[in-house]
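One line per chain: the protein sequences are Z and W, in this order. Each number in the numbering used here comes from the position in the first sequence (counting from 1) with 9 added on. For the record, in the second sequence the residue sitting at position 67 is 61 according to the numbering used here, with numbers rising by one throughout. Even glycine gets a Cβ: it sits at the ideal position worked out from N, Cα and C.
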Amino acid sequence: MEYKLADFKTPVHNDWCAGCGDFGILNAIQMSLYELEISPHQAAIFSGIGCSGKTPHFINTYGIHTLHGRVLPFAQGAKLANPNLKILAVGGDGDGLGIGSGHFVNSGRRNIDITYIIYNNGVYGLTKGQASPTLKLGMKTKSLPQPNVNDSINPIALACISGFTFIARGYSYDIKHLKEIIKKGIEHSGLSFIDVLQPCPTYNDINTKEWYQSFTLDENNPSIRIPKIYKLEEEDYNGVVDNEEESSNKIIKAIEKSKEWENRIPVGVFYENKKTPTYEERLQSRIENYRSYPPALQTIKDENGNPNTNIDRLIDELRTK
Amino acid sequence: MVISRESISWVIGGPQGSGVDSASHIFLKSIAMSGLNVFGKREYHSNIKGEHSYFSVRFSGKTVRSHVDDIDILVTFDAETIVRHSPFLLEGGILIYDPDVVGKKIEDIHTLDGSSEKRIAHILKIKNKEFSLAGIIQELKERNVILVELPYTKLINKFSEEIQDHSLSKLARITNVMSLAASLAVLNFDIPLMEQGILDTFVNKPKIAELNVKAANYTYSYVKRNFGTIPEKFSRVTKINNEANSNFIIAQGNQTSPLGKMVAGCRFQTYYPITPATDDSEYLESNQIIEQDDKNNGSVVVIQTEDEIAAITMAIGAALTGVRACTTTSGPGFSLMAEALGWAGINEVPLLVSLYQRAGPSTGLPTRQEQGDLLFAINAGHGEFPRIVYSSGDIEESFYDTIRVFNYADIFQTPVIHILDKYLSNSIITCNPFRYKNLKIERGKLLDTKLLDIKQKGFSDHFKRFKLSDDPISLRVPLGTENGIFWNTGDEHDEMGHITEDPETRISMMEKRLSKLDLIQNTIPKEEQVTIEFENNTDNTPKKLVLILSWGSTKGAILDSLEKITETNDTIQFLYLQIKLLNPFPSKLLEDIVNNKIEKVHGTDNASTNIETIVIIIEMNYLSQLDILIKQNTTLKSDHNILKYNGRPMSHSEIYNSLINIINNQSQRRVILKDGV
């Protein structure tokens, strides 16, 4: 059956603030699913808590709005039980890098084939603008009583050292570019992480749309305007690992790149490694028919409703004689 | 008190990591192979090496379901085991020990705890003996304990000469098998069975097995030669040839629930390492390829997560795909799972949590027994949602219960907490092999075809996962089902699963979910909710009706005690009930059973209205949590609470004594048990 872009939308009223960066991400996700011709019922979008957590309700796929910080384990459980599903996980920066940071790091150790998108706006919007783990030290967004006393997490660098095998960044108002990145992330076999810079028009009055879309002037030639956001692929940056030996170097390069901020902020693919076996492949090496007969699709009873499992061999091991 | 000479109680102890486990395994295996009934239990510290651990085995021609405090045969290698356990040696019992340790000073045993030191000091003082190992040996002699000296070093040296092998590093560990062979020698036990027990234990290490068999035979004949006059009372038990038991299995508590999971069709389990729950997951993972009757192989995916929050949420994510999923934990881990439990509740996800209790709060006594999590299991999580809390009374029933609880989860689409504990998990019994082929797998309203035909089923618009109707249980479809798209959220939701704060919808959804509590009580067969474990026939009009209520693993010791008491006493009518369904609490059922019994007892003789009724609640905690539940939910009133919270399981001896005291009107209202090393 062929689907239209509209088939990926729901009639649920969207209560995000006008001008919220989340809209761009939502559109990019819907367009990605449509363009990749993924049937709505074969996809499931998991989300954390916060404004971004509402995303699944606006997308016509299975939508699982989970708990604060726990989107990754929920999503990984579903994927491992049925690896045929296309699983996306979305959530805010506080959700994924504050309360959920342990899951972020440990998901990297597994490399399960899901795509994780963080809506990164530097604030806890839904609880009225407290500092999130990505807000820079000393910043004072408008609802903070005092400037931010904590240093910030670098999500790209954290993903690099945690073992994510596709690491990219997008900007929520460049939907076309973001959509291409999300598509790459979904198509990547392994754990993908996409950090999306997303202005919160209500609570982050520093990293605004205008701030992200501003320019600096070239020192030598003031007539040249240098945009703050630039695309890695346009500056000959290549984060793709072609053989395992170069992965360490590429990780280091990606981390270096991720430190660029203020006047020059890179977006695009920082790192991509197809050589690391996925968790599903690791399971397959222990369970021959894991992919063809995964947990969710196994028959556990016969036509009479009795168990079809045979544990006679294990019971024999326990026999006294 | 000497409970019975029909059973023998054997205890082996030593520092953790010294091989006590393998010695006890061989002993248990050999004894069970001879057709005897066995109950074994393991006690250990939260420590890798060096602290004292011990294993006790009670065996008999009759059924044994619990341990006793008395020891008939105590097997030791070190001084500490003698100091800790010899006070429990019965008059005329046997101590197997190394004469080389007698020189050790008690005050130099740094791992000895205060209780044990105080106990031995007291005994030595009243018996007017020196505070030393020599003093202890003296005291034992006076109590006619038979002292079987095994000079291990000397024996190993002689043995190594005999077999022409001088690699002492290899030989150091054979002290275990020597002590075990000495035990079997004093029992005059069948040598080929002993050899078989050793071969079975080292089945993958033929060279070690062979060495151990030789060492065992060497020690066996050494003991026979030097201690030939062991009274016949010890060997009498092992002479019982119980043909009926030849079909028995030896089941360990941490194997039976995972075996039940396999049969139930659990194909996804998560865990974070924690005593005493981890063994369950390790057994499942070790046997992760599942044989099916149609010759296909299934499999269970077992995942060690980064914490218990990930463990439960991963299991919930898996459950959404239709697989039967479980997470396995103990108290501290379960505390972390509370929030996610509520998520599964509001989203009506069938999820099983195997909760292996240990002593709390916080880290508590990580390797010790307690039933302190009952009220927490019933109340964990904020807000109100239905959940089933179910507990197993012994190792054998934990297998069958595991299959039941998965059915409950599916039928009622709600989380189920299956309570087990350290005592069950680390004990071992002989029982009949599991008969599972005719059990039923009931998946409730889970869509069992791949595709949902919305139009034919008459849905006007979209699939409604949380459809409001007369039945609080709605059709459930796995993620990935065509036409079945639904949403889940931790927020209150509408029929499709979208967020709502609409007050009317809130009422409907609360009523949908919480009306399941009545449905659960009305649907689960009564005999699965409360079991009548013991009811004696009294020929004469009873003087007293004693009603005993318990939950969980105290069952074995209670049953053993009631059997013993009623052997000689027929003036008391006993009724012992195990409450298995703890939430929703079977209030009316319990009241009905009790009231019927009271009426029946009184009805046998109209003049007997003076029959005294005594209600006793037995459980391993301080507050008597079952009593709190009973007070909250019924009109029943308890007269006595037999409780224990020192981390050591209730023994047959303790419960027997407590019940006798109550019957003789010589008991406090609260009876606090304190035994156990």
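{"Asked": "Candidates Z:Tyr221, Z:Thr211, Z:Glu312, of which the one nearest Ser152 (chain Z) by Cα", "Found": "Z:Thr211"}
{"Asked": "At least 3 beta-carbon pairs within less than 8 Å: the stretch 419 to 439 of chain W vs the stretch 20 to 35 of chain W", "Found": "yes"}
{"Asked": "Endpoints, the beta strand (DSSP E) within which Ser46 (chain Z) is located", "Found": "The sequence given here has Glu at residue 46 (chain Z), not Ser. Unbroken run through Glu46 (chain Z): none, as it is neither H nor E."}
{"Asked": "Alpha helix (DSSP H) segments (min. 4 residues) lying fully within the stretch 391 to 472 of chain W", "Found": "416 to 419, 448 to 451"}
{"Asked": "Classification of Asn615 (chain W) by the beta-carbon crowding that lies within 10 angstroms, buried from 16 upward", "Found": "buried"}
{"Asked": "Simplified DSSP state of Ala98 (chain Z), which is helix, strand or coil", "Found": "strand"}
{"Asked": "Partner residues on chain W for Gln51 (chain Z), Cβ-Cβ distance less than 8 Å", "Found": "Gly474"}
{"Asked": "Member of W:Ala258, W:His19, W:Val58 whose CA lies at the smallest distance from the CA of Ile2 (chain W)", "Found": "W:Val58"}
{"Asked": "Close Cβ partners of Thr299 (chain W) (< 8 Å) along its chain, the five nearest in sequence each way excluded", "Found": "Thr264, Tyr265, Tyr266, Ala305, Met308"}
{"Asked": "Closer than 8 Å at the beta carbon, the chain Z residues around Gln286 (chain W)", "Found": "Thr308, Asn317, Thr318, Asn319"}
{"Asked": "8 Å Cβ cutoff, Lys283 (chain Z) in contact with chain W", "Found": "no"}
{"Asked": "Option nearest Gly62 (chain Z) by Cα separation, candidates Z:Asp245, Z:Ile108, Z:Pro275, Z:Val99", "Found": "Z:Val99"}
{"Asked": "Interface partners of Arg381 (chain W) on chain Z, CB under 8 Å", "Found": "In chain order: nothing, as chain Z lies at least about 17 Å away."}
{"Asked": "Residues within the stretch 58 to 70 of chain Z neighbouring chain W, beta-carbon criterion of under 9 Å", "Found": "Ile58, Gly62, Lys63, Pro65, His66, Asn69, Thr70"}
{"Asked": "Endpoints, beta strand (DSSP E) assigned at Gly277 (chain Z)", "Found": "274 to 282"}
{"Asked": "Supposed contact pair Leu89 (chain Z) and Tyr288 (chain Z) - C-beta distance, whole angstroms, cut 8 Å", "Found": "7 Å"}
{"Asked": "Best match in W:Lys123, W:Glu74, W:Lys119 for proximity to Lys99 (chain W) [C-alpha to C-alpha]", "Found": "W:Glu74"}
{"Asked": "Simplified DSSP state of Ala245 (chain W), which is helix, strand or coil", "Found": "strand"}
{"Asked": "Any C-beta of chain W under 8 Å from that of Glu330 (chain Z)", "Found": "In the sequence as presented, Glu is not what sits at residue 330 (chain Z); that position holds Lys. True, the Cβ-Cβ gap to chain W drops below 8 Å."}
{"Asked": "Nearest-angstrom Cβ-Cβ length linking Tyr38 (chain W) and Val5 (chain W), presumed shorter than 8 Å", "Found": "Their Cβ separation, rounded to whole angstroms, is 14 Å, which puts Tyr38 (chain W) and Val5 (chain W) out of contact at 8 Å."}
{"Asked": "Residues bridged to Ser3 (chain W) [DSSP beta-bridge criterion]", "Found": "W:Arg52"}
{"Asked": "Residue nearest to Thr174 (chain Z) in terms of C-alpha spacing, selected from Z:Ala263, Z:Arg234, Z:Gly86, Z:Thr136", "Found": "Z:Ala263"}
{"Asked": "Assigned secondary structure, Thr357 (chain W) (DSSP; H/G/I helix, E/B strand, else coil)", "Found": "coil"}
{"Asked": "Distance between Asn516 (chain W) and Pro580 (chain W) (C-alpha atoms, nearest Å)", "Found": "10 Å"}
{"Asked": "Within 7 Å of chain Z by C-beta, residues of the stretch 33 to 61 of chain W in sequence order", "Found": "none"}
{"Asked": "Extent of the continuous beta strand (DSSP E) to which Pro236 (chain Z) belongs", "Found": "234 to 236"}
{"Asked": "Proximal chain Z residues relative to Glu300 (chain W), where beta-carbon distance stays under 9 Å", "Found": "Pro82, Gly111, His112, Val114, Asn115, Ser116, Arg118"}
{"Asked": "Contact list for Arg261 (chain W) against chain Z, beta-carbon separation under 9 Å", "Found": "Ala90, Pro303, Pro304, Ala305, Gln307, Ile309"}
{"Asked": "Coil, strand or helix - Arg113 (chain W) by DSSP", "Found": "helix"}
{"Asked": "Cβ-based neighbour list, Ile202 (chain W), same chain, cut-off 7 Å, excluding 5 preceding and 5 following", "Found": "Phe196"}
{"Asked": "Length of the line joining the Cα atoms of Tyr180 (chain Z) and Ile54 (chain Z)", "Found": "20 Å"}
{"Asked": "Beta-carbon spacing of Val69 (chain W), Val51 (chain W) below 8 Å", "Found": "no"}
{"Asked": "Same chain, Cβ closer than 6 Å to Gly86 (chain W), five either side skipped, listed in chain order", "Found": "Asn138"}
{"Asked": "Selected residue, minimal CA-CA separation from Glu133 (chain W), among W:His116, W:Thr147, W:Leu144", "Found": "W:His116"}
{"Asked": "Chain-ordered neighbours of Tyr216 (chain W) on chain Z, where CB pairs are closer than 9 Å", "Found": "Within 9 Å Cβ-Cβ: nothing; Tyr216 (chain W) doesn't reach chain Z, min ~28 Å."}
{"Asked": "Asp367 (chain W) beta carbon near the ligand SAM (any heavy atom closer than 7 Å)", "Found": "As far as ligands go, the structure on display features none, and thus does not contain the ligand SAM."}
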